[in-house]
Each structure stands twice: as C-alpha cells, then as structure tokens.
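Just remember that my numbering sits 52 ahead of the position in the sequence shown, which is counted from 1.
Heads up, the beta-carbon is just placed ideally off N, CA and C, and yes, glycines get one too.
Working notes, beginning with the structure itself.
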Amino acid sequence: MSDVSLDELVERIGDPGLVVLDVRTPEEFSGEAGYPSDPRQGHLPGAVNVSLQELFGIDPSGVRALVGAPVGAEVIAYCHAGGRSAMAVELLRAAGYEARNYPGSWQEWAADPSLPVDSA
Numbered sequence: 053m054s055d056v057s058l059d060e061l062v063e064r065i066g067d068p069g070l071v072v073l074d075v076r077t078p079e080e081f082s083g084e085a086g087y088p089s090d091p092r093q094g095h096l097p098g099a100v101n102v103s104l105q106e107l108f109g110i111d112p113s114g115v116r117a118l119v120g121a122p123v124g125a126e127v128i129a130y131c132h133a134g135g136r137s138a139m140a141v142e143l144l145r146a147a148g149y150e151a152r153n154y155p156g157s158w159q160e161w162a163a164d165p166s167l168p169v170d171s172a
C-alpha cells in the first residue's frame with residue numbers, strides 16, 4: 053500500500069469509511085504543545101488520538117480497542133513528520149487494519165493556512 057498524499061487526504065477528510073489516526077502525544081494533539089516551527093497547533097479535523105507509545109507492547113486486540121474501528125477498516129496515520137506514523141502503520145496492519153502513512157503529517161498540514169485545524 054502506498055503512502056497518502058496531502059491532496060488525497062484533503063479530499064478524504066470526513067469520509068465515514070476512514071479513520072484518521074494522530075499518533076502524536078495528547079499534548080501535541082490538543083495544541084497545548086508542539087514544535088515551535090509549526091505555524092499552527094492542533095490536529096486534523098475528525099482525527100482520533102492514540103499516541104505511538106500506547107500502541108507499543110499490546111496485542112492486536114488491544115490495538116483494535118484503542119483505535120475503536122473494526123478489523124479491515126481503512127486507517128491513515130500521521131504524526132509530526134511521518135516517522136512515528138510509519139511505525140504505527142506496521143502495528144496497525146498487524147492488528148488487521150488497511151493502514152497507510154501520511155508522511156507529510158502535521159508539519160505539512162499546519163503549513164497550509166487554507167486547511168482546517170481542530171484543537172482541544
């Protein structure tokens with residue numbers, strides 16, 4: 053499966069068949085903390101937050117319980133710059149998801165002022 057581009061993700065935000073998974077820390081997700089280089093803080097609209105640390109060390113059923121989507125669901129993972137989400141994709145696939153990485157992640161999304169951002 054290929055990575056997800058910014059253009060594809062913009063078109064798919066709000067798709068009921070898609071889970072957008074933010075694997076950053078809860079503080080990054082809420083916008084309370086983040087990288088100073090980012091012009092905006094928060095998360096993608098409709099994203100679910102399960103930090104990468106939460107996904108480590110649990111079995112596939114535990115991953116599914118955290119993500120809250122059925123086996124086979126399509127999940128797009130993102131983080132700040134694509135590294136943590138790339139690791140998360142492997143764990144998500146092992147749990148039975150059709151998982152893909154958004155390598156541009158928050159860094160790319162936050163840099164475009166025309167894209168919507170949620171916080172808190």
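Quick one: residues in its chain with C-beta nearer than 8 Å to the C-beta of G148, no 5 flanking neighbours on either side, listed in chain order?
The answer, listed in chain order, is P112, R116, V123 and G124.
Rounded to whole angstroms, what's the CA-CA distance from V102 to G83? Just pull it up for me.
As the crow flies, the alpha-carbon of V102 is around 15 Å from that of G83.
What distance in whole Å lies between the Cβ atoms of L73 and A129, which are believed to be in contact at a cut-off of 8 Å?
The Cβ separation is near 5 Å, so the contact holds.
Quick one: using the 10 Å Cβ neighbour count with 16 as the cut-off for buried, is F108 buried or exposed?
Taking a 10 Å sphere around the C-beta of F108, we find fewer than 16 other C-beta atoms and assign the residue as exposed.
Rounded straight-line distance, which links the Cα of I110 to that of V62:
The straight-line gap from Cα to Cα measures roughly 31 Å.
Please classify V119: does DSSP put it in a helix, a strand, or coil?
In this structure, V119 counts as helix in the three-state DSSP scheme.
Three-pair Cβ contact test at 8 Å for the stretch 85–101 versus the stretch 153–172:
For the pair of segments examined, the stretch 85–101 was found to touch the stretch 153–172: the number of CB pairs separated by less than 8 Å reaches three.
Three-state secondary structure (DSSP) at R76?
DSSP places R76 in coil when its eight states are reduced to three.
Should V127 and L104 be called a contact, given that it needs their Cβ atoms to be closer than 9 Å?
No.
Using a Cβ-Cβ cutoff of less than 6 Å, which residues in the same chain neighbour R64 once the five nearest sequence positions on both sides are dropped?
Cβ within range, chain order: L70.
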